[in-house]
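Below: the structure, in structure tokens.
2 protein chains.
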Amino acid sequence: MNNQQIVLASRPQGEATAANFRFVEAPLPALADGQVLVRHHYLSLDPYMRGRMNDSKSYAAPQPLGEVMIGGTVGEVVDSRHPGYAAGDAVVGMGGWQLYSVVDGGAAGMLRKVDTRLPLSAYLGAVGMPGVTAWYGLVRIIAPKPGQTVVVSAASGAVGSVVGQLAKARGCRVVGYAGGAAKCAYVVDELGFDACIDYREHADARSLARALRDAAPDGVDGCFENVGGAVMDATMLRMNDFGRISLCGMIAGYDGQPIPMTWPQLILQSRLTVQGFIVSEHMGDWPEALRELAAGVAGGTIKYRESIADGLAAAPEAFLGMLKGRNFGKQLVKLV
Amino acid sequence: MNNQQIVLASRPQGEATAANFRFVEAPLPALADGQVLVRHHYLSLDPYMRGRMNDSKSYAAPQPLGEVMIGGTVGEVVDSRHPGYAAGDAVVGMGGWQLYSVVDGGAAGMLRKVDTRLPLSAYLGAVGMPGVTAWYGLVRIIAPKPGQTVVVSAASGAVGSVVGQLAKARGCRVVGYAGGAAKCAYVVDELGFDACIDYREHADARSLARALRDAAPDGVDGCFENVGGAVMDATMLRMNDFGRISLCGMIAGYDGQPIPMTWPQLILQSRLTVQGFIVSEHMGDWPEALRELAAGVAGGTIKYRESIADGLAAAPEAFLGMLKGRNFGKQLVKLV
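From first to last, the protein sequence lines are chains A and B.
Our numbering numbers the first residue of the first sequence as 1 and each following residue consecutively.
Our numbering numbers the first residue of the second sequence as 1001 and each following residue consecutively.
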């Protein structure tokens, strides 16, 4: 049986392109003792992958050239030589950009069985890594009190949409940034944010900050930052004393261009705390987060939207489009 | 009896100048019930005062035009109509740029009696606001472990010198930045830092970061930042994962010019925490800090150096020189 895979062919010079990826076929090896064969139903595409394509310091080691692109996957066990798994089990893991993965069933954190009462794809979004990312940055770093104002960029995306809904559930005023009228309408009308600023309508941070002054008249107590650059500068201009900035992503700078923070003196003047984090380093918080997220999705209080590309070969274009904001909600690739 | 005072005459346009200050004489009012008359022995000059001279948002309300410049003072009670104070008591307070102040003896935090076994001037430096600033940023924000590396800018100054000595006492490797060979030699030879980088010998942040790589071969776990700009950029380039930056001052930007943070993505990549603070908002920590600082000065484990200007009229030039780094250690004005 053959596997299909997408490997990193070359590192981007500036903007990533389809030529950085290569589609390959490879035979599936026979299972060794303790191994599990998983057929992927969905592949998750996430902004962090762009950082891994560079050969510079990022959260983690760079993605090796010539190897299967890393990525979260959800699917079913089709063969198992590990006593903990049986054919038919639904599992989430880090299977990468390929149709099948062979996983060491005993390795901690590599594979997790999931409840099929929720849609499988949710485990790559609101009830998966993006959802826990939202939960950690909001609950552990921003730690908002009822009545405070939380601002989140990329508000219609997999992480931002959950941040806002969790903050609303905690009694906060929530303002998002998103690109375009359709996304902004969705953020307010469907997700229940109090306001959403279309960043495409503003030329610079000062203009964004004026819009934010109207949307957040009491100032900003917590910022969940996914983007960086002018959007982050604008939020900083409106932060209240002792505000917290949870720095989750700087998608504005993934292509290597400089993205300075224009007014770092605001950290001092407003006595802010700015904290970067990566959710995989806080595994102890995952169970509590996943309980709240799964209950929210099951109960309908956490809504989400998906952009689904069809077939592994479509993954590179879907990924590149996501980096430009062409997706609407969580970007997935359907593999079966 | 006449008082002599220096008031803020005008707000700086860019760099502050002597013309922004005005020397005035005014009669001392008779004491009302509950008031205390203090004769100042020393006036403290501190970088934060430059921020107060601007009409923009800073830690606190701007210094009002036409009023006596704020500032810490130490002196003696010469008359008292408050039962808690008697003539001859040594007291530290916020008397401002003047020879005498009339203080409400019952107002919390306005006046504090001090032990005359230490030199009075120490209460404006290592055993005063600068020392507690050092203590808070190091102990409460950086919270270094033995063996970790702490970097501090303006290392020969009133705050930086204490940061380094407190960090050495906690088993850290300590690296300073200072301006000029004489200050760097003092920081290493007298204060006991492991290394000191003369920032004047480097053209930019990259060059500073190379020097820091040699001085801090295991990277930097804690940064106590007094300066901002290229010095802070350089330290950020060498921060280890989960490093803490205690943001105490950005003297590089007090004249209003932009001082962007060049690589904010390092906060994310290295999962840093950057926290701004102002020590007067953490009064609960002062007693513990002052106990350690007073014991260190009394025991000789905390050394300090002073630049003493003579007479109130010399205060403006001494202050302007301090902003350019012309002082060497804590800048004071001797008033008796």
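C-beta: ideal position from N, C-alpha, C; glycine also.
A Cβ-Cβ contact shorter than 8 Å links M283 of chain A with G109 of chain A. Annotation for G84 of chain A: G105 place their beta carbon closer than 7 Å to its own, counting only its chain and skipping 5 residues before and after.
For S1270 of chain B, the closest Cβ of chain A is nearer than 8 Å.
One finds nothing in chain B with a Cβ atom closer than 9 Å to the Cβ of V127 of chain A; even the nearest lies about 24 Å away.
Counting C-beta pairs with one atom in each stretch, the region 1040–1050 of chain B and the region 1242–1262 of chain B have three or more that are closer than 8 Å, which means they touch.
If only uninterrupted beta strand (DSSP E) runs of at least 3 residues are considered, those enclosed by the region 55–98 of chain A are 73–80, 90–93. The shortest C-alpha to C-alpha distance from L111 of chain A to any of A:E76, A:A143, A:R117, A:T133 is the one to A:E76. Annotation: R213 of chain A to F328 of chain A spans about 26 Å, alpha carbon to alpha carbon. Going by DSSP, I1245 of chain B is part of the beta strand (DSSP E) stretching over 1239–1247. Within the same chain, A1209, L1212, R1213, A1216, G1219, V1220 come within 7 Å of R1238 of chain B by CB-CB distance, once the 5 residues on both sides are set aside. For S1161 of chain B, the closest alpha carbon among the candidates B:G1311, B:Q1035, B:V1297, B:E1015 is that of B:V1297. Per DSSP, P1264 of chain B lies in no alpha helix (DSSP H) and is assigned neither H nor E. Around the beta carbon of Q331 of chain A, 16 or more other beta carbons sit within 10 angstroms, so the residue counts as buried.
With the criterion set as a beta carbon lying under 7 Å from some beta carbon of chain A, the members of the region 1217–1235 of chain B are G1228, in sequence order.
Assignment of E1225 of chain B by DSSP, reduced to helix, strand and coil, places it in the strand class. Measuring C-alpha to C-alpha distances from F1277 of chain B to each of B:R1305, B:Y1186, B:Y1136 identifies B:Y1136 as the nearest. At a cut-off of 8 Å between beta-carbon atoms, P260 of chain A makes contact with chain B. Against chain A, the beta carbon of Q1275 of chain B has neighbours under 9 Å at I267, R271, L272, T273, V274, Q275, listed in chain order.
Within chain A, the residues I267, L268 have their CB atoms less than 7 Å from the CB of L1247 of chain B, given in chain order. The distance from the Cβ of L1124 of chain B to that of R1039 of chain B is about 15 Å, inconsistent with a contact at the 8 Å cut-off.
For the C-beta of I1070 of chain B, not a single chain A residue is nearer than 9 Å; the gap to the nearest is close to 17 Å. Here the alpha carbon of V1074 of chain B sits roughly 6 Å from the alpha carbon of G1093 of chain B. Residue-level contact check: P146 of chain A does not touch chain B, since none of the beta carbons of chain B fall below 8 Å from its beta carbon. For the alpha helix (DSSP H) assignment, the uninterrupted runs of no fewer than 4 residues enclosed by the region 311–335 of chain A are, from N- to C-terminal side, 315–323. B:G1325 is the residue among B:S1056, B:G1325, B:F1021 whose C-alpha sits nearest the C-alpha of N1226 of chain B.
Checking the DSSP bridge columns, you'll see C196 of chain A partnered with A:G176.
Here the C-alpha atom of V1102 of chain B lies approximately 13 Å from the C-alpha atom of Q1004 of chain B.
In the structure shown, Q1035 of chain B falls within a strand segment according to DSSP collapsed to helix, strand and coil. By the Cβ-count criterion, K1113 of chain B is exposed, with fewer than 16 other Cβ atoms from all chains shown falling within 10 Å of its own Cβ. For A18 of chain A, the closest C-alpha among the options A:M322, A:V336, A:L335, A:P316 is that of A:P316. The secondary-structure analysis by DSSP pairs V102 of chain A across a beta bridge with A:L37. When the beta-carbon positions are compared, D1233 of chain B and W1263 of chain B come within less than 8 Å of each other. Rounded to whole angstroms, the gap between the alpha carbons of D189 of chain A and H1202 of chain B is 54 Å. Just so you know, the alpha carbons of V1127 of chain B and L1290 of chain B end up roughly 6 Å apart. Measuring C-alpha to C-alpha distances from P1258 of chain B to each of A:P130, A:V336, A:Q257, A:L266 identifies A:L266 as the nearest.
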